[in-house]
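Student:
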Amino acid sequence: MAKNATFSITDQTGGVDGSIHFELDRAENIGDGLIKTHTEYSGQGSKYISNADVIAIGAAYSAANCGGPLIPIRGGRVDAKEAGKPGVPEPEQDLPTHIEKFRHTLGGVESKDFPTIVDHPSSIPNGESISFSFDNTVTLAFDATVVSQYLDNTTPNPLVVTKNVTMRSDGNVTMKALSDPTVFLERCAILLERMINTVPAGVQLTEPIQLIKEKPHFYTGLVVVNGTLTFATSLRLARSISKPSIPGSRVSLHWCDGYGDNANCQAGFSNRIKGSPGAFTLPSSPYMVGAQREFRIYPFHAPIDPSRSASRFWWEFEQDDNAAPIKVDNNGAQYPLAQDKIFYVTAMSRIINTNNAPNGIQTKAFMVAAPTRVYLNLFDYTYETGRLPGTVTDVTFDLERNSTLPSMPGYTLYSALIEAVTGAGPTFDFHVDADGKTVSLPFQSRSLGSVHPVEHFIVDFGTVEKVPYAGATPTSAAVMVTASVWHLPLLFAWGFILVNRLFLSSLFFSTPCIDAYEWPGDLRYETLERFIYEGVRPDGIGMFGILGNCTLIPRANIQSTTTAATWLRMAYHDSATFNITDQTGGIDGSIHFELDRPENIGDGLKRTQEEYSGHGTKYVSNADVIAIGAAGAVANCGGPLIPIRGGRVDGKVAGNPGVPEPHQDLQTHIEKFRLQGFNATEMIELVACGHTLGGVESKDFPDIVDLRTGSFDFDTVSAPFDNTTAFDTAVVSQYLDGRTQNPLVVGKNVTTQSDLRIFNSDGNVTMRALADPSNFQKRCGILLEKMINTVPAGVKLTEPIDVISAKPHFFTGLHLVDNALTFATSLRLAQPQTDPFVDGSRVSLHWCDRYGDDANCQSGFSNRIKGTSAAFRMAGSPFMVRSEKDFRIYPFHAPIDPARSISRFWWEIEQPSSAESIKVDNEGTKYPLVQDQLVYVTKLSHVNNDVFTNVTGIIGSFSMVVGVRDGIEPSKVYLDIFDYAYTGRTPGSVTNASFDLVHNSSLPAASGYRLYSVAFDIVHGTGATFDFHVEANGKRTSLTLQPISFGSLIPNEQFVVDLGNVERVSYTGPPAAAIPPQDQPISSGVIRSLEYPYFGITTPFLLVLLTSAFLAQIL
134 MAKNATFSIT
144 DQTGGVDGSI
154 HFELDRAENI
164 GDGLIKTHTE
174 YSGQGSKYIS
184 NADVIAIGAA
194 YSAANCGGPL
204 IPIRGGRVDA
214 KEAGKPGVPE
224 PEQDLPTHIE
234 KFRHTLGGVE
244 SKDFPTIVDH
254 PSSIPNGESI
264 SFSFDNTVTL
274 AFDATVVSQY
284 LDNTTPNPLV
294 VTKNVTMRSD
304 GNVTMKALSD
314 PTVFLERCAI
324 LLERMINTVP
334 AGVQLTEPIQ
344 LIKEKPHFYT
354 GLVVVNGTLT
364 FATSLRLARS
374 ISKPSIPGSR
384 VSLHWCDGYG
394 DNANCQAGFS
404 NRIKGSPGAF
414 TLPSSPYMVG
424 AQREFRIYPF
434 HAPIDPSRSA
444 SRFWWEFEQD
454 DNAAPIKVDN
464 NGAQYPLAQD
474 KIFYVTAMSR
484 IINTNNAPNG
494 IQTKAFMVAA
504 PTRVYLNLFD
514 YTYETGRLPG
524 TVTDVTFDLE
534 RNSTLPSMPG
544 YTLYSALIEA
554 VTGAGPTFDF
564 HVDADGKTVS
574 LPFQSRSLGS
584 VHPVEHFIVD
594 FGTVEKVPYA
604 GATPTSAAVM
614 VTASVWHLPL
624 LFAWGFILVN
634 RLFLSSLFFS
644 TPCIDAYEWP
654 GDLRYETLER
664 FIYEGVRPDG
674 IGMFGILGNC
684 TLIPRANIQS
694 TTTAATWLRM
704 AYHDSATFNI
714 TDQTGGIDGS
724 IHFELDRPEN
734 IGDGLKRTQE
744 EYSGHGTKYV
754 SNADVIAIGA
764 AGAVANCGGP
774 LIPIRGGRVD
784 GKVAGNPGVP
794 EPHQDLQTHI
804 EKFRLQGFNA
814 TEMIELVACG
824 HTLGGVESKD
834 FPDIVDLRTG
844 SFDFDTVSAP
854 FDNTTAFDTA
864 VVSQYLDGRT
874 QNPLVVGKNV
884 TTQSDLRIFN
894 SDGNVTMRAL
904 ADPSNFQKRC
914 GILLEKMINT
924 VPAGVKLTEP
934 IDVISAKPHF
944 FTGLHLVDNA
954 LTFATSLRLA
964 QPQTDPFVDG
974 SRVSLHWCDR
984 YGDDANCQSG
994 FSNRIKGTSA
1004 AFRMAGSPFM
1014 VRSEKDFRIY
1024 PFHAPIDPAR
1034 SISRFWWEIE
1044 QPSSAESIKV
1054 DNEGTKYPLV
1064 QDQLVYVTKL
1074 SHVNNDVFTN
1084 VTGIIGSFSM
1094 VVGVRDGIEP
1104 SKVYLDIFDY
1114 AYTGRTPGSV
1124 TNASFDLVHN
1134 SSLPAASGYR
1144 LYSVAFDIVH
1154 GTGATFDFHV
1164 EANGKRTSLT
1174 LQPISFGSLI
1184 PNEQFVVDLG
1194 NVERVSYTGP
1204 PAAAIPPQDQ
1214 PISSGVIRSL
1224 EYPYFGITTP
1234 FLLVLLTSAF
1244 LAQIL
């Protein structure tokens, strides 16, 4: 039932959108099977899971359950409200029709539904049906039997050997390749993932949902039992089924008080209850079974003193050898009890009675909550019990104080008796308003009068012990409310939730980090993260410095504006080509080809084009640069911090005209903004947000602004929209109080007073609301984010890019310096500016050997060099400055013995007291040096650039040197040079070429390595990066995204320090994990394309693959 056949690549409509629920009466969807599946799915939709998500996840689960591939699951599909276009191929249609329309390993053909294909057996009563299978797999497995039986002529497939020749729709095109079971599963996985991710234009799916290995179970929170406040929780571990279970008696729950003299364990004590034999294994989804994993559940139930409550909690595992217990503690931050102001009294709440109603269930419930206003929101998206798919129950009820209920120490009980028409899956959000603030307890399931819906998770009270607490005092949970995301079950019904974000909280760290982020991560993410927050491209050249402190541009003979204003204007003019009707245009970099249009008049945009010219890279498109530049400009001038996503795709030609012009009337402006995706109110807001910066140039608009003269002449004059250069409400307040000098409000030409017409179009209602500075910042943040995320159909942006709180800096790797192998790296910490700076002498770099008797620290020793006073602060981009953070950089340079090399490294920060050092170690896995077979010899590599007017771009003379580790006999050593910068050439120009390097014995000797070199000339754009490769024994090892070198160790000398003195120190803990091989078969391609993969190209080859793998009885 994975319903994507309505998708049309032409208009980007249809796909997996749940519209199948409204299409079951069509001939193409004939059969009781789809109706049965429709019913089976009816109770699974929720506030966070659409019916379309249910269909996609159900299809993926079906494949996994029958032995098929594990397909990555994404969420975020949006449900259609009506039937889509027909599109399912039918058996009697010819091959060209199938190829045009496109769509068997599971299922078959029903005699009842297709009597012209299969005969109805006389032994089967009329009205019943028998299914004729596509293959004869007894176990109904997801396997290649449908292929192999077709090839050896033993197939019973009724669409191959049917009595009706016109119904034989399968053909013999790539079936021999698919008869290999491995190929069959690989290709089915790729195409089924593509199928379930086919969605209408504008729908943005989440990143693949990852399994969380350890977390508090969904059923975690305060509850009341017989008048006693208690805390019920369970630790949920995802483990391999081959690993032995740990008895519940060896697991203990710990927590800190929330109030009193020991709040947050500040007096040195925590609370503990020991586990019980009640631990159990939880039945899992097909995805867990297919991955050979299972959930281990350790339930706990603790009495809580209301006057002390609880703030943070964690678990400890007792070990066999009396070693220190293993902590499960949210990466050191402990798990926060986000709030204790309101809780759901499940034991007193229940569904009293239900009656069938024409459009659902008439539900009557008695709800009790413990704290102005106390209220609940009831939400139900399920459609079982007779109501239509897509029906929503979303109502609010007040709860009243109820003194007739049993008393509850520390709390006052509130209740409501409610009646509503629902499905069978209502959830509740409880809220209490007090002191102008709202505290919420969201996404609570219905109660039938029990402590928890699943009795398995309920255990008897544990005995509370006070035990010594060692470690830093945890941060108050109330301060860290945003860290409580772990308990929101966004995909709970299916056993998975979205990857959460956690806080690393200790003496030195207090910034958010990405849960389970391990370095090195995805290169696109890391390149974008560095560009956004450090503001630099791979070679360290920055972009944001030109913004200054939101000051006027110093230019001779010009009364100027600010760079920030022109950067913001560039983004809007690029986005204005968006057409909501056909989903084309938007932020796609096409502005670079549109600067000759009257709507884009002005030197400011051309100057911005030049300022951006060097910053496009393999992983940052020119469209990304425009979006990031605009958001950075806004932040630099005091505006809102706009979340930044990457993944925009550059247009190659000019887009549609769309920028409103001052002389156009109000209706034309409203229509142009509508096409851009903004309503009339948003038009007013967006113009105000854009015109808080900049002004109108007399050179460009002489009909609007006079060229005034004073003590000396100007070539052009900028008439500002308000009297400040900051991103503030001056443009609004001065308009409202009549002091404005905005030339588009009070200009000499009435025809071009476009801001006046726009601002006053609703009687100044919106402008008065924007006069509130906080509302102005909020609304501008929302609309500018919407603007920079407006992209053409088919472009999928990344999730917002967050700063990584602790990581090795980009300039990390092996070097060959004066015949010696060295390792250069820097620890980069992102922290609040107010946090004290830790002196570099208290930070040390540690690493394990890669080879020899102490490889991976297996003999109990590691290497260490101590830091120096060379540590420094780095301000970072406007995004860091605006968020009041900076970077702390701790550089290191270590001599490395080539015979031992280096496998994994980490840092330790010495604390002022004698307490144990804090480790920065990649979430416990340590940072891997991925490979040591190939070294970029930056000290011997260089480029000389010569600019020629008769070529498009810059001719560079490159001399490149790499070292290949002794013992490797390469068949080929080569580099790929890639440059997307357009300095001196047309935007969109790409340098993408390969050159072989040859062994060069004339170069200085390098211990442990042989040197290879190449010299070449090529036209580029000043932003070249290199991927180096060595091929040997049928495998390729690569060193990617290396910047241009001008003969220095690292492009930024600030990151270079003298070699440190290496000490051998004791290493405690298990041996570091060995670095897995990073080489790849030479047959695997090297990705060189800047474009993103597109869905929707259907060929006969894909048709056969889909036909051979589809998960249905028949479409």
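Residue numbers (this note's numbering): 134 to 1248. All C-beta atoms, glycine included, are put in the ideal place defined by N, C-alpha and C.
(1) Looking at the structure shown, is Lys218 part of a helix, part of a strand, or coil, going by DSSP?
(2) Would you report the Cα separation of Thr873 and Trp700, rounded to the nearest angstrom?
(3) Let me check understanding here. Comparing Cα to Cα, which of Asp1054, Val1095, Glu1041 lies closest to Leu1067?
(4) Along the alpha helix (DSSP H) that carries Asp823, what are the first and last residues, could you check?
(5) How close, in whole Å, do the beta carbons of Ala1003 and Gly973 come, if the pair is a contact with beta carbons under 8 Å?
(6) Given 8 Å as the limit, tell me if Phe413 has its C-beta closer than that to any heavy atom belonging to the ligand FMN.
(7) Check whether the Cβ atoms of Thr885 and Ile837 lie closer than 9 Å to each other.
(8) If the criterion is Cβ atoms closer than 9 Å, does the pair Glu1041 and His979 meet it?
(9) Looking at C-alpha atoms only, which residue of Phe1128, Thr660, Phe726 is the closest neighbour of Leu943?
(10) Classify Glu1186: buried if its beta carbon has 16 or more other beta carbons within 10 angstroms, exposed otherwise.
(11) Helix, strand or coil, according to DSSP, for Gly799 in the structure here?
(12) Expressed to the nearest angstrom, what Euclidean distance is found between the alpha-carbon atoms of Met323 and Gln867?
(13) May I ask you to list the residues that DSSP assigns as paired with Asp1112?
(14) Any beta carbon of chain B sitting closer than 9 Å to that of Ala988?
(15) Report yes if the C-beta distance between Asp212 and Gly178 is below 9 Å; otherwise report no.
(16) Quick check on this structure: which residue in Tyr431, Tyr420, Gly391, Val358 has the alpha carbon closest to the alpha carbon of Ile379?
(17) In terms of alpha-carbon separation, which member of Gly668, Ser175, Phe530, Glu347 lies closest to Pro1011?
(18) Whole angstroms is fine: what's the gap from Tyr1200's alpha carbon to Ser403's?
(19) Residues in the same chain with beta-carbon distance under 7 Å from Pro1137, minus the five sequence neighbours each way, listed in chain order, please.
(20) On a CA-only basis, which of His748, Arg702, Asp987 is nearest Leu728? Give me that one, please.
(21) Touch check for the region 1102-1113 and the region 1138-1154: three-plus C-beta pairs under 8 Å?
(22) Is the region 1188-1208 touching the region 961-970 in the sense that three or more CB pairs, one from each, lie closer than 8 Å?
(23) Report yes or no: do the region 321-335 and the region 192-200 share at least 3 C-beta pairs separated by less than 8 Å?
(24) Report, in whole angstroms, the separation of the C-beta atoms of Pro653 and Thr1158, which I expect to be a contact under 8 Å.
(25) Per DSSP, Trp980 is paired with what?
(26) What is the DSSP secondary structure of Trp700, counted as helix, strand or coil?
(27) Please classify Arg663 as buried or exposed, where buried requires at least 16 other C-beta atoms within 10 Å of its C-beta.
(28) Considering just the uninterrupted stretch of the beta strand (DSSP E) at Pro793, what are its terminal residues?
(29) By how many angstroms is the C-alpha of Gly465 removed from the C-alpha of Phe433?
(30) For Gln1175, list the residues DSSP reports as bridge partners.
(31) Tell me which residue opens and which closes the alpha helix (DSSP H) that Thr172 is part of.
(32) Cβ of Asp1065 within 9 Å of Cβ of Ile1035?
(33) Over what stretch of residues does the alpha helix (DSSP H) that includes Pro314 continue unbroken?
(34) Could you check how far apart the C-beta atoms of Gly1180 and His1075 are, in whole angstroms? I think they sit under 8 Å.
(35) For the putative contact between Asn769 and Phe677, defined by C-beta atoms under 8 Å, what is the C-beta separation to the nearest angstrom?
(36) Tell me the residue span of the alpha helix (DSSP H) that contains Arg1118.
Tutor: Concretely, from the data shown:
(1) Here residue 218 corresponds to residue number 85 of the sequence shown, with the count starting at 1. Lys218 falls in the coil class under three-state DSSP.
(2) To locate residue 873, count along the sequence shown from 1; it is residue 740. To locate residue 700, count along the sequence shown from 1; it is residue 567. In a straight line, the C-alpha of Thr873 is about 23 Å away from that of Trp700.
(3) Within the sequence shown, numbered from 1, the residue matching residue 1067 stands at position 934. Checked all of Asp1054, Val1095, Glu1041; the closest Cα to Leu1067 is Val1095.
(4) Looking up residue 823 in the sequence shown gives position 690. The amino acid occupying residue 823 in the given sequence is Gly; Asp does not appear at that position. Run containing Gly823: 813-823, per the alpha helix (DSSP H) assignment.
(5) Locating residue 1003 in the sequence shown gives position 870, where the first residue counts as 1. Locating residue 973 in the sequence shown gives position 840, where the first residue counts as 1. About 6 Å; that satisfies the 8 Å criterion.
(6) This structure lacks the ligand FMN, and indeed carries no ligand of any kind.
(7) Position 752 of the sequence shown, counting from 1, holds the residue named residue 885. Position 704 of the sequence shown, counting from 1, holds the residue named residue 837. Against a cut-off of 9 Å, the Cβ pair of Ile837 and Thr885 comes out as a contact.
(8) Position 908 of the sequence shown, counting from 1, holds the residue named residue 1041. Position 846 of the sequence shown, counting from 1, holds the residue named residue 979. Closer than 9 Å, so yes.
(9) As a working mapping, residue 943 is identified with position 810 in the sequence shown. The sequence given here places Phe at residue 943; Leu does not occur at that position. Nearest C-alpha to Phe943: Thr660.
(10) Residue 1186 sits at position 1053 when you count from the first residue of the sequence shown. The residue in question, Glu1186, is exposed, as its Cβ has fewer than 16 Cβ neighbours within 10 Å.
(11) As a working mapping, residue 799 is identified with position 666 in the sequence shown. Reading off the sequence, residue 799 comes out as Leu, not Gly. Looking at Leu799 - three-state DSSP - the assignment turns out to be helix.
(12) Locating residue 323 in the sequence shown gives position 190, where the first residue counts as 1. Locating residue 867 in the sequence shown gives position 734, where the first residue counts as 1. Inspection of the sequence shows that residue 323 is occupied by Ile rather than by Met. When rounded, the distance between both Cα atoms is 58 Å.
(13) Working through the sequence shown from its first residue, we reach residue 1112 at position 979. DSSP output for Asp1112 lists Thr1124 as bridge partner(s).
(14) This model lacks chain B altogether, as it is built from one protein chain only.
(15) The residue you call residue 212 lines up with position 79 of the sequence shown. The residue you call residue 178 lines up with position 45 of the sequence shown. Their beta carbons are under 9 Å apart, which means Asp212 touches Gly178 by this criterion.
(16) Here residue 379 is taken as the residue at index 246 of the sequence shown, counted from 1. Taking only the C-alpha atoms, the option nearest Ile379 is Tyr431.
(17) The sequence position of residue 1011 within the sequence shown is 878, counting from 1. That would be Gly668, whose Cα lies nearest to the Cα of Pro1011.
(18) Position 1067 of the sequence shown, counting from 1, holds the residue named residue 1200. Position 270 of the sequence shown, counting from 1, holds the residue named residue 403. Cα to Cα, Tyr1200 sits roughly 30 Å from Ser403.
(19) In the sequence shown, residue 1137 corresponds to position 1004, counting from 1. Contacts found: Asn952.
(20) Taking the first residue of the sequence shown as 1, we reach residue 728 at position 595. Nearest of His748, Arg702, Asp987 to Leu728, Cα basis: Arg702.
(21) yes
(22) no
(23) yes
(24) Along the sequence shown, one-based indexing puts residue 653 at 520. Along the sequence shown, one-based indexing puts residue 1158 at 1025. 16 Å between Cβ atoms; not a contact.
(25) Residue numbering aside, residue 980 sits at position 847 when the sequence shown is read from its first letter. BP columns for Trp980 point to Asn996, Phe1038.
(26) Taking the first residue of the sequence shown as 1, we reach residue 700 at position 567. Reduced to three states, the DSSP call for Trp700 is helix.
(27) As a first step, residue 663 must be located in the sequence shown, where it is residue number 530. By the neighbour-count rule (16 or more Cβ atoms within 10 Å), Arg663 is buried.
(28) As a position in the sequence shown, residue 793 is number 660, starting the count at 1. Counting along the chain, Pro793 falls outside any beta strand (DSSP E), and DSSP gives it neither H nor E.
(29) As a working note, residue 433 is residue 300 in the sequence shown. As a working note, residue 465 is residue 332 in the sequence shown. Taking the straight line from one Cα to the other gives about 21 Å.
(30) Residue numbering aside, residue 1175 sits at position 1042 when the sequence shown is read from its first letter. In the DSSP output, where bridge partners are listed per residue, Gln1175 has Phe1159.
(31) If you number the sequence shown from 1, residue 172 lands on position 39. Element bounds for Thr172: 165-173.
(32) In the sequence shown, the residue the question calls residue 1065 occupies position 932. In the sequence shown, the residue the question calls residue 1035 occupies position 902. Cβ atoms of Asp1065 and Ile1035: closer than 9 Å.
(33) Working through the sequence shown from its first residue, we reach residue 314 at position 181. Where Pro314 is concerned, the enclosing alpha helix (DSSP H) stretches over 314-329.
(34) Position 1047 of the sequence shown holds residue 1180. Position 942 of the sequence shown holds residue 1075. Contact holds; Cβ gap of about 5 Å.
(35) Sequence index remark: in the sequence shown, residue 769 carries index 636 (1-based). Sequence index remark: in the sequence shown, residue 677 carries index 544 (1-based). Yes, Asn769 and Phe677 are in contact; Cβ-Cβ is about 7 Å, under 8 Å.
(36) The sequence position of residue 1118 within the sequence shown is 985, counting from 1. It is not in any alpha helix (DSSP H) - Arg1118 carries neither H nor E in the DSSP assignment.
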